[in-house]
Structures are given as structure tokens and as C-alpha cells.
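Reviewing the structure listed below.
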Amino acid sequence: MNRIIITIAICLAGIQSFSQEHLPSASDYNRFRNTKTLVVLEDNLFSDFNDKIKEAVKQNWTITKYEFISNAEFEKQRFNPKYSFLVTSIVTFNKDKTNAKYNFLSLLLGGQANAISDMPDLCSIPLSYVRVDEESYIYKLTSLVLFMQNHIALVTKNPDIISENILKYYNKNSSETKEKTLYLLKNEMDDDVNSTAKIRKIYPGKVRLVEANEIEEAIRNKNNDIIFLHKVGPEKTKNKARCFKILIGAGDSKFYYFDYHMVKGKQTDRFLGSDFKKLAK
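Reading the sequence shown from the start, the letters are residues 1 to 281 in full-length UniProt numbering.
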């Protein structure tokens, strides 16, 4: 796969801080608008990622001009400030005793940073645990790319929200989930919330347990009445790791909820009853 490997120290309090020890500045976001975005393709010929990211970018990316390049070209061009980069990377966390590795999708600014981890990171989103098949996220790429684009536009217009707690900004949207229908995969629900009857006891909003192709169809149709779960966890490949939980609008690609927990003991690699309780408030 030849993905870029980044080891980082993060607090997991904000989207930008996923892959940086420092937050990007308002000037970084303004500079981005004048760059050409180079979308870095994977070297793996058997991966569907390249086709899906090309489709997502060609159909939705309007914020900058763009071009598709290889990993080798990325290494040559990443020092050029005229470029920004939409790139996947393998992320590990400093001081993390689990040694877990995750695939992230990041939007980086070119420049003079010697280490890739020091390149200004405008937005990063977890895709999957590194050993989990890409099928778990590949059909969601359109929504993730659109979110990144919308996030850049939002922060550029409102630089005051650049903070280590920017996820709190998006979690304010959680009350709106009750106005829409949650599309969830049953195998991503914890045992105490793996049926609509169980969920209804703690969450009053509309919920449907569906198949992945139904989520993909909702994204393709940009259905504004549907919110889906993007869960990132070890999927039985590791005993201890982080489980990220993101609720995303199929139509508007907005984040309605973002949280994570450590998978250990009774904390399973699933969406928990405690998550529904937070949404019910």
C-alpha cells in the first residue's frame, strides 16, 4: 500500500490536532485557497480506493483546482507551497501503549517542513484501523471528502472557531439527529442497543438498522433526511485500540456527533448505549 507513516502526539480534542501537535492558523486556511490540491493515489493496484477517491473528487471538489498524483510525486512536490495534498496516511499515537495504527485521510499544505507530521494539517479524518478491509469505509469517501471541503470553507469564514475543542462545535449538532433518521449497521451496535426496540428505550429519534448498500445509496442520492454512522475500530483484529464514532449527514456531509472510546473490557468496538444517551439529551 505504501502509505505515509506518521507518528504523532495528539490530544484528540480537535479534528486538526489528529495529525499535528500544533493547530493550523487562519493564514494557513487562507493560503490553501490559492493552492492546487494534489490528490495522492495509492500504489496498490488491487485497491478500489483510487477509483473511489477520483470519483468523489471529480464530482464534488470545487474549492481548489486539483490533480491526481502518485506517492513518488508527493515526495517530490510536498515542499512546494503552491500545492496542498489530499493524502491517506498510517497514523500512530505517541505515548499510546496499544501501538494501534490507523488509516487517516488528511488535507496538508506544502511548504518547507522537513517531516510530513510538521506539514500544516487543515483537516484529518480517521478512515479505518490499519488491518481492517477498506470495504468498511470506501463507500463513504464522497461524504468524507465533502465534509473536508465544507470544513475548510467554514473555518476560513469563521477563523475564531479554530481551537483544540473544535469537535465541540460539531457536537452541538447532535440534537438535530432526532429530526432525521439514523441509518445504522446492526453489527456496529453494542448488544444492549442492537435492535430498534432496545434503542427506543433510551433514544426517541427515528432509527433504521440497514445494510451498507442502503447507506451508500443515501449518500449517492444526497438524502437530507438520513444520518449514517462512520465507525472506526479494530474489528476484532486487536484487543485494545480506539473506537471512533462519527454521525454524518448523507445529504449535507455535516458531522452531527463525534466521540471515541478505548476498546477494552466491556467497552466493545461498537456504538454504545451511552452514545445514544448523549444524543437523547
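Yeah, the Cβ is synthetic: ideal placement off N, Cα and C, and Gly gets one too.
What you are looking at is a predicted structure, and each value in this text was computed from that prediction instead of being measured.
query, result
"Burial state of Ala72 (16 or more Cβ within 10 Å)", "exposed"
"Three-state secondary structure assigned by DSSP to Ser89", "strand"
"Whole-angstrom distance between Asn165 and Cys11, CA atom to CA atom", "For Cys11, the predicted model reports a pLDDT of 34, less than 50, meaning its position is unreliable; a value from the coordinates is still stated below. Straight-line Cα distance between these residues: approximately 10 Å."
"Euclidean distance between Cα positions of Phe276 and Lys36", "41 Å"
"Test item: CB-CB of Arg270 and Met148 under 8 Å", "no"
"Integer Cβ distance of Leu127 from Val232, believed to fall under 8 Å", "7 Å"
"DSSP-derived helix/strand/coil call for Lys198", "helix"
"Spatially closest choice to Lys206 from Asn50, Gln267, Leu182 and Asn44, by CA coordinates", "Leu182"
"Between the CA atoms of Lys82 and Gln267 - distance to the nearest angstrom", "45 Å"
"Whole-angstrom distance between Lys101 and Val40, CA atom to CA atom", "20 Å"
"Boundaries of the beta strand (DSSP E) in which Lys168 is found, first to last residue", "Here Lys168 belongs to no beta strand (DSSP E); instead the alpha helix (DSSP H) covers Ile166 to Asn171."
"Beta bridge counterpart(s) of Gly249 as assigned by DSSP", "Ile227"
"Beta-carbon spacing of Asn103, Ile90 below 8 Å", "yes"
"Cβ-Cβ distance between Lys245 and Tyr260 below 8 Å", "yes"
"Exposure of Phe74, with buried meaning 16 or more beta-carbon neighbours within 10 Å", "buried"
"For Ile10, the three-state DSSP class (helix, strand or coil)", "In this prediction, Ile10 scores a pLDDT of 39, lower than 50, which makes its location untrustworthy; no coordinate-derived value is stated."
"Short Cβ contact (8 Å threshold) for Arg31 with Leu109", "yes"
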